[in-house]
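Participant:
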Amino acid sequence: MLSARALPVPTAWSAPYWEASKNKRLVLQCCNACNRLIMYPKRFCPFCLSEDLGWRDSKGTGEVYSVTVQRTAAPTGFSDRVPYVLVIVRLDEGVQLMSQLIGPGADAARCGDRVSVDFEDISGTDVTLPVFRLDRAHAVANGKDNP
Ligand SMILES: [Zn+2]
82 MLSARALPVP
92 TAWSAPYWEA
102 SKNKRLVLQC
112 CNACNRLIMY
122 PKRFCPFCLS
132 EDLGWRDSKG
142 TGEVYSVTVQ
152 RTAAPTGFSD
162 RVPYVLVIVR
172 LDEGVQLMSQ
182 LIGPGADAAR
192 CGDRVSVDFE
202 DISGTDVTLP
212 VFRLDRAHAV
222 ANGKDNP
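Here you go:
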């Protein structure tokens with residue numbers, strides 16, 4: 082069965098990101114000319130316009146920069162996930178990405194909470210998405226087991 086959930090459609094320049102995710106690796110695009118990290122994947126460097134881009138493994142750790150809990154009116158394909166937690170994570174490498182926060186304490190997460198990447202295989206597809214979980218201390222402090 083196909084997922085009704087909106088899923089990424091890899092492009093030539095983002096395919097390595099999604100392939101790495103399938104292999105449970107979070108990678109960051111980097112510019113070989115100016116050595117800056119780029120998130121989300123692009124065809125050329127937004128800083129120096131070089132097309133000489135590569136990939137680096139991320140440590141997969143960072144902190145919650147922004148968080149919201151979707152409790153009602155979920156978009157198509159997400160209604161079975163309510164409540165779910167959307168976050169912008171600032172990785173320790175300095176770039177940010179939007180993702181979901183899952184696991185214990187997620188719905189009580191706060192800005193600044195430490196998180197680590199995990200990966201979610203989307204049922205019925207060959208897509209694996211990077212998601213995040215609170216580090217243990219924050220999960221325990223938040224004291225909840227949902228979502
Ligand atoms: Zn550059």
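Under the working numbering, residues 82 to 228 are what the sequence shown spells out, in order.
Note that CB positions come from ideal geometry on N, CA and C, so glycine has one too.
1) Going straight from the alpha carbon of Ala-154 to that of Ala-222, what length do you get?
2) May I ask whether a heavy atom of ligand 1 can be found less than 7 Å away from the beta carbon of Arg-137?
3) Provide the residue span of the alpha helix (DSSP H) that contains Pro-97, from first to last.
4) By the three-class DSSP mapping on this structure, what secondary structure does Asp-188 have?
5) Could you give the uninterrupted runs of the beta strand (DSSP E) lying entirely in the segment 92 to 153, keeping only those of 3 residues or more?
Facilitator: The relevant details are as follows:
1) C-alpha separation (whole angstroms): 28 Å.
2) Using a cutoff of 7 Å, the CB of Arg-137 does not count as near ligand 1, since none of the ligand's heavy atoms is closer than that.
3) Residues 96 to 103.
4) Note: Asp-188 maps to helix in three-state DSSP.
5) Fully contained in the segment 92 to 153 are the following beta strand (DSSP E) runs of length 3 or more, in chain order: 108 to 112, 134 to 138 and 142 to 151.
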